[in-house]
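S.K.: Can you read through this structure? Questions will come right after.
Numbering (the working numbering), first residue to last: 5 to 555.
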């Protein structure tokens with residue numbers, strides 16, 4: 005079988021204008037970026053305001069392993085499978101960050117014969133959205149420094165500046181740095197650091213803003229520091245919000261591309277689900293829901309990560325509701341969670357405890373889960389059938405094999421049929437916590453009802469932030485948990501379906517522009533680092549000028 009990159013490079017793509025027209029977009033509602041990708045104007049939301057929304061299908065997974073379970077591949081598979089059944093469908097996924105593209109995870113376009121194309125463009129710069137977000141973030145940082153240097157009219161306490169810089173590369177050396185060295189002309193010396201752009205509040209704001217003017221308002225509400233009297237200082241007060249909005253006026257528009265089988269795919273924003281809220285943009289979902297009868301939207305990592313944030317943050321802010329959830333599982337992952345990667349059927353039964361916990365998490369939100377067994381070539385029929393049996397006995401609405409990697413939409417048609425049936429069922433959707441609960445109670449609810457913890461422990465820094473945020477009137481914001489994706493707990497060593505643990509929260513950050521509070525659990529870092537042999541070492545240009553080694 006050809007590699008995913010070779011399949012993508014050999015694919016015959018249709019002009020993006022044709023994809024847009026078939027999706028129901030008017031010519032003046034798209035701005036092509038070359039032949040095969042385009043920006044979509046949000047004017048379409050006004051034109052189709054009275055049209056009912058389509059069915060919303062969220063794709064998530066069991067606790068991932070370092071090898072990856074193919075969640076994006078499954079998202080594309082379900083989309084192509086629905087297309088194979090003749091359904092009017094659209095896909096919504098996140099943009100690829102250069103950090104994981106050149107790290108361990110690789111690209112974010114799917115794989116095999118279920119991909120979004122042009123794959124190389126998507127994984128390398130795309131339409132420049134992430135770079136624009138980084139530029140806006142760092143413009144604000146520079147303007148804060150300039151304000152303090154040139155008179156400090158707002159009476160900012162320099163050591164209180166909380167706004168960090170960002171970049172779209174994994175660079176651990178930038179996690180904690182000192183700026184302002186070299187004398188007064190270079191600013192006030194203080195400790196700060198970089199986040200990866202996916203963890204920037206600007207990324208979060210673009211991902212949840214309703215339109216350009218909501219974006220401008222949210223940018224102005226960012227808190228960057230405090231005065232010497234303890235009052236918050238905003239980006240609006242610094243005078244940066246307007247110029248940041250100008251840098252992002254094209255970025256707020258969703259990007260339109262296509263699957264290998266010609267379904268429209270909206271690819272927009274790229275927050276990670278372990279250190280951010282982990283979902284594509286709300287405007288992409290809203291546009292797709294007006295254009296298609298079925299919308300497949302992917303949440304990062306597992307149901308305790310991106311899906312929980314999709315339900316408790318995105319659905320709450322955007323007033324949208326999911327109709328079904330696809331939960332991706334693999335034979336390999338269940339054996340991994342059993343601690344026996346090379347084991348047999350017994351290992352699958354042991355590791356299935358993780359899958360059953362995730363089925364329960366989906367049910368906790370009142371949604372029907374459909375388990376997709378993403379099949380690998382060396383999976384035996386007996387092992388796959390056992391996973392299906394365990395999933396159905398554990399409360400899944402349905403369970404089908406996903407063979408999309410090898411066979412495209414035809415290989416996912418049976419899965420798509422079960423998904424449509426689940427989406428047609430009545431749901432009893434509800435949030436995990438009410439907004440009027442205290443900050444501690446919201447964190448406790450997520451830990452207990454989603455992770456299966458006994459409770460939470462707030463370290464002194466986190467407890468101090470609770471008091472501060474309460475004083476500032478931020479108690480009614482939702483919570484965005486930043487924790488490891490490798491365990492249902494905050495500890496990556498606690499495998500399968502752990503019990504008897506307490507979630508440790510070391511610090512809190514208020515994203516006053518995005519509209520939530522980030523809880524940092526365990527030793528979670530908001531700037532990743534590369535390992536000994538990152539994927540970047542395998543990416544190159546061949547003698548024909550073609551990219552090789554990208555996956």
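C-beta: ideal position from N, C-alpha, C; glycine also.
So, residue 482 versus residue 317, is the Cβ gap smaller than 7 Å?
M.R.: Against the chain shown, residue 482 aligns to sequence position 478. Against the chain shown, residue 317 aligns to sequence position 313. Yes, the pair counts as a contact, with Cβ atoms nearer than the cut-off.
S.K.: Is it the case that the Cβ atoms of residue 457 and residue 205 are separated by a distance below 7 Å?
M.R.: Counting from one through the chain shown, the residue named residue 457 turns up at place 453. Counting from one through the chain shown, the residue named residue 205 turns up at place 201. Cβ distance not < 7 Å, so residue 457 and residue 205 don't count as in contact.
S.K.: Going by DSSP in three states, residue 118 sits in which element: helix, strand or coil?
M.R.: Taking the first residue of the chain shown as 1, we reach residue 118 at position 114. Three-state result, residue 118: strand.
S.K.: From 276, 287 and 293, pick the residue whose C-alpha is nearest to that of residue 303; which is it?
M.R.: For the purposes of this step, residue 303 is taken as the residue at position 299 of the chain shown. Per the Cα distances, 276.
S.K.: How should residue 362 be labelled, buried or exposed, when 16 other C-beta atoms within 10 angstroms of its C-beta is the threshold for buried?
M.R.: Residue mapping note: residue 362 aligns to position 358 of the chain shown, counting from 1. Buried: at least 16 other Cβ atoms inside 10 Å.
S.K.: For residue 357, tell me which candidate among 394, 371, 480 and 380 has the shortest Cα-Cα distance.
M.R.: Numbered from its first residue, the chain shown carries residue 357 at position 353. For the residues 394, 371, 480 and 380, the minimum Cα distance to residue 357 belongs to 394.
S.K.: Do residue 105 and residue 15 have their beta-carbon atoms positioned less than 7 Å apart in this structure?
M.R.: For the purposes of this step, residue 15 is taken as the residue at position 11 of the chain shown. For the purposes of this step, residue 105 is taken as the residue at position 101 of the chain shown. Going by C-beta atoms, residue 15 is not nearer than 7 Å to residue 105.
S.K.: Output the boundary residues of the beta strand (DSSP E) element that contains residue 96.
M.R.: As a working note, residue 96 is residue 92 in the chain shown. Per DSSP, residue 96 belongs to the beta strand (DSSP E) from 93-97.
S.K.: Assuming residue 216 contacts residue 209 (C-beta within less than 8 Å), just tell me the rounded distance between them.
M.R.: On the chain shown, position 212 is the one that residue 216 refers to. On the chain shown, position 205 is the one that residue 209 refers to. In fact, because the Cβ distance is near 12 Å, the residues do not count as touching under 8 Å.
S.K.: Taking the beta carbon of residue 528 as the centre, do at least 16 other beta carbons fall within 10 Å, making it buried, or is it exposed?
M.R.: As a position in the chain shown, residue 528 is number 524, starting the count at 1. Answer is buried; the Cβ neighbour count reaches 16.
S.K.: Nearest CA to the CA of residue 313: which residue from 454, 468 and 239?
M.R.: Taking the chain shown and counting its residues from 1, one reaches residue 313 at position 309. For the residues 454, 468 and 239, the minimum Cα distance to residue 313 belongs to 454.
S.K.: Mapping DSSP to helix, strand and coil, what is residue 476?
M.R.: One-based indexing of the chain shown puts residue 476 at position 472. Looking at residue 476 - three-state DSSP - the assignment turns out to be coil, as it is neither helix nor strand.
S.K.: Thinking just about the alpha-carbon of each residue, which of 40, 37, 125 and 294 is nearest to the one in residue 54?
M.R.: Position 50 of the chain shown, counting from 1, holds the residue named residue 54. Nearest of 40, 37, 125 and 294 to residue 54, Cα basis: 294.
S.K.: Looking only at DSSP bridge pairs, what is residue 508 linked to?
M.R.: Here residue 508 refers to the residue found at position 504 of the chain shown. Residue 508 is bridged to 461.
S.K.: Looking only at its chain, what residues have a beta carbon closer than 6 Å to the beta carbon of residue 403, apart from the 5 residues adjacent to it on each side?
M.R.: Counting from one through the chain shown, the residue named residue 403 turns up at place 399. So the list reads 375, 392, 395 and 396, once near-sequence residues are dropped.
S.K.: At a cut-off of 6 Å, would you count residue 473 as near the ligand COA, judging by its Cβ distance to the nearest heavy atom?
M.R.: Among the ligands in the structure shown, none appear at all, so the ligand COA cannot be discussed.
S.K.: At which residues does the beta strand (DSSP E) containing residue 139 begin and terminate?
M.R.: The count along the chain shown starts at 1 and reaches residue 139 at position 135. No beta strand (DSSP E) contains residue 139, which is instead part of the alpha helix (DSSP H) from 133-153.
S.K.: Identify whether residue 404 lies in helix, strand or coil by the three-state DSSP scheme.
M.R.: Within the chain shown, residue 404 is the residue found at index 400, counting from 1. Here residue 404 sits in strand by DSSP.
S.K.: Any idea what DSSP makes of residue 455, helix, strand or coil?
M.R.: Position 451 of the chain shown holds residue 455. Here residue 455 sits in helix by DSSP.
S.K.: Answer with buried or exposed for residue 119, where buried requires no fewer than 16 other C-beta atoms within 10 angstroms of its C-beta.
M.R.: Locating residue 119 in the chain shown gives position 115, counting from the first residue. Per the 10 Å Cβ criterion, buried.
S.K.: Thinking C-beta only, is residue 8 closer than 7 Å to residue 90?
M.R.: In the chain shown, residue 90 corresponds to position 86, counting from 1. In the chain shown, residue 8 corresponds to position 4, counting from 1. The answer is no: Cβ separation not under 7 Å.
S.K.: In its own chain, which residues sit with a C-beta less than 6 Å from the C-beta of residue 351, not counting the 5 before and 5 after it?
M.R.: Position 347 of the chain shown, counted from the start, is the residue given in the question as residue 351. So the list reads 339, 342 and 344, once near-sequence residues are dropped.
S.K.: With a threshold of 16 other CB atoms inside 10 Å of the CB of residue 336, please say whether the residue is buried or exposed.
M.R.: On the chain shown, residue 336 is found 332 positions in, with the first residue counted as 1. Buried: at least 16 other Cβ atoms inside 10 Å.
S.K.: Express the C-alpha separation of residue 353 and residue 398 in angstroms, rounding to a whole number.
M.R.: In the chain shown, the residue the question calls residue 398 occupies position 394. In the chain shown, the residue the question calls residue 353 occupies position 349. Near 12 Å, if we compare the C-alpha coordinates of residue 353 and residue 398.
S.K.: Give a yes or no on contact between the region 137-149 and the region 91-104, applying the rule of three or more CB pairs nearer than 8 Å.
M.R.: Counting Cβ pairs under 8 Å, fewer than three are found: no touch.
S.K.: Just to confirm the assignment, what range does the beta strand (DSSP E) spanning residue 70 have?
M.R.: Position 66 of the chain shown, counting from 1, holds the residue named residue 70. Where residue 70 is concerned, there is no enclosing beta strand (DSSP E), given that its DSSP letter is neither H nor E.
S.K.: Can you round the beta-carbon distance between residue 298 and residue 62 to whole angstroms, since I take them to be within the 8 Å contact cut?
M.R.: Taking the chain shown and counting its residues from 1, the one referred to as residue 298 is at position 294. Taking the chain shown and counting its residues from 1, the one referred to as residue 62 is at position 58. Actually they are not in contact, since the Cβ atoms of residue 298 and residue 62 sit about 12 Å apart, beyond 8 Å.
S.K.: Between the C-alpha atoms of residue 506 and residue 461, what's the straight-line distance to the nearest angstrom?
M.R.: On the chain shown, position 502 is the one that residue 506 refers to. On the chain shown, position 457 is the one that residue 461 refers to. Spanning the two alpha carbons is a distance of roughly 7 Å.
S.K.: Alpha carbon to alpha carbon, how far is residue 262 from residue 125?
M.R.: Taking the first residue of the chain shown as 1, we reach residue 262 at position 258. Taking the first residue of the chain shown as 1, we reach residue 125 at position 121. Cα to Cα, the separation comes out at about 12 Å.
S.K.: If you check the beta carbons only, do residue 274 and residue 98 fall under 7 Å apart?
M.R.: The residue labelled residue 274 in the question sits at position 270 within the chain shown. The residue labelled residue 98 in the question sits at position 94 within the chain shown. Going by C-beta atoms, residue 274 is nearer than 7 Å to residue 98.
S.K.: Within the continuous alpha helix (DSSP H) that includes residue 482, where are the two ends?
M.R.: For this step, residue 482 is matched to residue 478 along the chain shown. It is not in any alpha helix (DSSP H) - residue 482 carries neither H nor E in the DSSP assignment.
S.K.: Is residue 252 helix, strand or coil when you go by DSSP?
M.R.: Here residue 252 is taken as the residue at index 248 of the chain shown, counted from 1. Coil at residue 252, not helix or strand.
S.K.: Using a Cβ-Cβ cutoff of less than 6 Å, which residues in the same chain neighbour residue 415 once the five nearest sequence positions on both sides are dropped?
M.R.: Sequence index remark: in the chain shown, residue 415 carries index 411 (1-based). Here the set comprises 407 and 408.
S.K.: For the candidate residues 164, 172, 320 and 156, whose alpha-carbon lies nearest to that of residue 520?
M.R.: Within the chain shown, the letter at position 516 stands for residue 520. Cα-wise, what sits closest to residue 520 is 320.
S.K.: Looking at the unbroken beta strand (DSSP E) that takes in residue 34, where does it start and where does it end?
M.R.: The residue labelled residue 34 in the question sits at position 30 within the chain shown. Per DSSP, residue 34 belongs to the beta strand (DSSP E) from 34-36.
S.K.: Report all residues from its chain with a CB closer than 8 Å to the CB of residue 182; omit the five preceding and five following residues, and keep chain order.
M.R.: Counted from its first residue, the chain shown places residue 182 at position 178. Result list for residue 182: 193, 194, 195 and 196, in chain order.
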